[in-house]
Structure formats: structure tokens, C-alpha cells
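Peer 1:
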Amino acid sequence: MTSYKIAILDGDGIGPEIMAEAIKILSLVAERNDINFELMPAPFGATAYFSHGHSFPEETKAICDEADAILKGPIGLSHEESKKIPVDMQPERGALLPLRRRYNTFANFRPVFLPKGLAHFSPLKPEIIGEGIDFIIIRELVGGLYFGKKETGINEDGKRFVNETLEYDEDQIKRIAKVAFNTAQKRKKVLHNIHKSNVLKSSVLWNEVIGEVAEDYPDVEVKHILVDAAATYLCLNPGQFDVMVMENMFGDILSDQGGGILGSLGLMPSACIGPKKAYYEPSHGSAPDIAGQSIANPYSMIGSVAMMLEMSFDMEDEAKKVWYAMQSVFAQGYSTPDLSKPGADVNMISTDGFGDLVATELAKQ
Ligand code: IPM
Ligand code: MG
């Protein structure tokens, strides 16, 4: 029997609730494919800081090192609660960025997908949504401003200052460019390169390398768009996009805008792929304000499972079925309170109610 080890990092806030639904789906997939998923839970995030004194404890590192893939829930606390943790131990700086660095997960795939039938989730008008929203953001995840040199102090004039650098070398750009071109080749063969070369030197080098890599992909059309313009087009005409590639910080911002045009970040799963290891996570935060109420939709967490099945375990068909099962639960008129307002014409169910229905749909296929 095939066996895979999966590190399970629940994270904070709604993390444990939505992870439980992801595990429900994983168990069903295991059973019907005669696979053994060995789940290895490990503490991570603010919860781990309070229980283990570190937001990315050594034991969690060891478990992740051993795993074939990592499934991670959202992390973080409310602004006020965060202050109880020293700045460098806060789960974003103390756990998430070190996780990305440890496994060099440079390629972050963030699908932005809403079928036409679910257009009511989106704040955009139906005529703008047209046949639905379907593109993917490929975000460079271990370079740029996030990981560049940082300095704070007092300058010669006695003023507090900060210096943060946006760093890339050509190899870092080349490897994410290749991922983007390969993805575009499998889809509509159009790649939108997002940059800010009218101001940033980093974008000048970025665009140069994109141009060089493009020579190996003559069948892919490259369109260059300034990041600020791209933000506008995402609202006015998202249908023009299919694959978008961009540096780390631009990707952080535009992918949240992607969630915005879908109607919720709760509809945004993601995959973070490195040379040897990958981890999968919702693109959103831990939503502490709605934690523990069973009202968060587990779509982003179950979608991350689907991405893991496809990208880490070569189970593309099964992944498609998981996506399909989730869409059909929505299409039958079910929703959770985080996605739909009371009075909306939906049958409101809980987090685990949604997971149960997805499992039922999946079992039918
Ligand atoms: C994301 C998140 C993270 C990021 C935070 C939690 C550090 O916003 O994955 O988009 O900025 O990358
Ligand atoms: Mg973000």
C-alpha cells in the first residue's frame, strides 16, 4: 500500500476547525484509493508559542523535515493579542517566514476561481464576471522585500530610521519565471508579467530575465503590466487574466485582491512549492473574530488538500473530484455564515456541515 507522511499544522484561530474538515476529506481519499496518509500533527503559530515557547518549535521542524508534504492552517492573532508575543516570535516572522525559508518554497500558486454559477459571492457585477473568474497568481515566495536585508536604528540626525531592501538575483527570477511559463503552457498560453519597472530597479532586472526565459517558450504570449494598473484591471476586467507572475510583495497584495473579487479570502487555497518539499495553506489569516463558532467555510483548507493531492502525490483526477465536490455543495445552495449574509437565498450550514456535504458529494464520484 502506498503511504505518505503529512505534517498537520493546525495553526491559530479558525485553523483547527477548518483543518478537521480537510482531514475528513483526506481520510475519504485515503480509503477509496487504498493509500495510507500518516498524519503527523505538530504545534505551529501563536498557539505553539504559548504552549511550547516558540511559534515554530524544534519538534515541529523535525516532523516537517520527515514529512512528504505539509498541510498548514492559518496563523496569527488579533492586533492586540499579538502584542503579548515578542515581535520576532510573532507567528508571521517567527514561524511562517522561517517555514518558507527552511524549505525554500519559492513558487506560490494562488488560484482565483469562481464558476459563473457562484457569481453571487462576488462583489463584481455579473456582466464583469461574464463566464466566471478563473486565473492563477504565481507569487515568488522567498525573495524580495520579505527576505532582504533589514536595518533599524538612529541616523546621524538623531532620527529613527528603517531600511528594508528588495533583493533578487537572476537565478531566483529565472526559476519562478520557468514555473510561470510552464503553467501558462498548460493553460491558455498567455502570461501576464506584473512589475513596476518605471520606478523599481528590481523590476528592470525582473523584466529582463522574464524576456530571456520567454525565448524558450515561443508558444506563450507575454503581456507586461504595471502592478498598479493590474490592481485596477482585476476589478474592471478580471477575465483578461489567466496566469500572472510577480514578486513576493506584489503577490501578497494582489492575491488578497483576488480573494476580494471572489467575495472572500475564504475561497483562496494555495500551494507553496520548493525544490524538495511543498506545503499547502489557505491564503488568508486565522480570523480570530469568528474562531470557535463553526461558521468559517473550510473551502480554502480543503482546496489546499486538493492542491496537495495534485502537486505532491500526482493524484490529479482525485484532486479534480475534490474541487468538483465543493463546487456542487455551493451549487446546491449551501453556504456558511462567513461567506453569506443572513437573508441571502442560501441554506446556511456550519463548518463541519459543509465538510460533511463535501465528503458525501465526493463519495458519489
Ligand atoms: C500570505 C500572508 C503572509 C504573507 C503573512 C501571514 C506573513 O499574508 O500568505 O499572503 O504576507 O505572505
Ligand atoms: Mg497575504
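Per my numbering: the sequence shown = residues 19 to 383. Built from N, CA and C at the ideal position, the CB exists for glycine as well. This structure is a prediction, so every number in the text was calculated from the model and none was measured.
Report whether the distance from the Cβ of residue 270 to the nearest heavy atom of the ligand MG is below 8 Å.
Peer 2: Yes, the Cβ of residue 270 comes within 8 Å of a heavy atom of the ligand MG.
Peer 1: Thinking C-beta only, is residue 25 closer than 9 Å to residue 81?
Peer 2: Yes, the Cβ-Cβ distance between residue 81 and residue 25 is below 9 Å.
Peer 1: Should residue 223 and residue 182 be called a contact, given that it needs their Cβ atoms to be closer than 9 Å?
Peer 2: Result no, Cβ atoms of residue 223 and residue 182 do not sit closer than 9 Å.
Peer 1: Between residue 6 and the ligand IPM, is there a pair consisting of the residue's CB and a ligand heavy atom that are separated by less than 8 Å?
Peer 2: Residue 6 lies beyond the residue range present for the chain, which begins at 19 and ends at 383; the question has no answer from this structure.
Peer 1: List the residues that DSSP assigns as beta-bridge partners of residue 25.
Peer 2: According to DSSP, residue 25 bridges with 58 and 88.
Peer 1: Quick one: give me the first and last residue of the beta strand (DSSP E) that residue 170 is part of.
Peer 2: Start and end: 168-172.
Peer 1: What's the C-alpha gap between residue 63 and residue 367?
Peer 2: Approximately 28 Å between the Cα atoms of the pair.
Peer 1: Among 220, 69, 258 and 111, which residue has its Cα nearest to the Cα of residue 152?
Peer 2: Closest by alpha carbon: 258.
Peer 1: So, are the CB atoms of residue 139 and residue 266 less than 9 Å apart?
Peer 2: Their beta carbons are not under 9 Å apart, which means residue 139 does not touch residue 266 by this criterion.
Peer 1: DSSP three-state call for residue 150: helix, strand or coil?
Peer 2: Note: residue 150 maps to strand in three-state DSSP.
Peer 1: Give a yes or no on contact between the segment 303-311 and the segment 87-106, applying the rule of three or more CB pairs nearer than 8 Å.
Peer 2: Segments in contact, yes.
Peer 1: Just the C-alpha distance for residue 198 and residue 175, rounded to the nearest angstrom, thanks.
Peer 2: If you take the alpha carbons of residue 198 and residue 175, they lie about 45 Å apart.
Peer 1: For a test of the three-state rule: what should DSSP assign to residue 130, helix, strand or coil?
Peer 2: It is a strand residue.
Peer 1: In chain order, which alpha helix (DSSP H) runs of at least 4 residues are fully inside the segment 329-383?
Peer 2: Counting only runs of 4 or more, we get 334-349 and 369-382.
Peer 1: Please classify residue 105 as buried or exposed, where buried requires at least 16 other C-beta atoms within 10 Å of its C-beta.
Peer 2: Looking at its Cβ environment, which holds fewer than 16 other Cβ atoms inside 10 Å, residue 105 is exposed.
Peer 1: Assign residue 19 to buried or exposed, taking buried as 16 or more other Cβ atoms, counted over all protein chains shown, within 10 Å of its Cβ.
Peer 2: Its Cβ having fewer than 16 others within 10 Å, residue 19 is exposed.
Peer 1: Mapping the DSSP letters down to three states, classify residue 235 as helix, strand or coil.
Peer 2: Note: residue 235 maps to coil in three-state DSSP.
Peer 1: Tell me, to the nearest whole angstrom, how far the beta carbon of residue 194 is from that of residue 130; I am working on the premise that it is less than 8 Å.
Peer 2: Actually they do not touch by this definition, with Cβ atoms about 18 Å apart.
Peer 1: Is the distance from the Cβ of residue 142 to the Cβ of residue 322 below 9 Å?
Peer 2: No, they are not a contact pair.
Peer 1: Kindly indicate which three-state DSSP category residue 288 falls into: helix, strand or coil?
Peer 2: Here residue 288 sits in strand by DSSP.
Peer 1: Residue 19 by DSSP, collapsed to three states: which one?
Peer 2: Reduced to three states, the DSSP call for residue 19 is coil.
Peer 1: Can we count residue 100 as close to the ligand MG, meaning its CB is less than 8 Å from some heavy atom?
Peer 2: Not so, every heavy atom of the ligand MG lies at least 8 Å from the Cβ.
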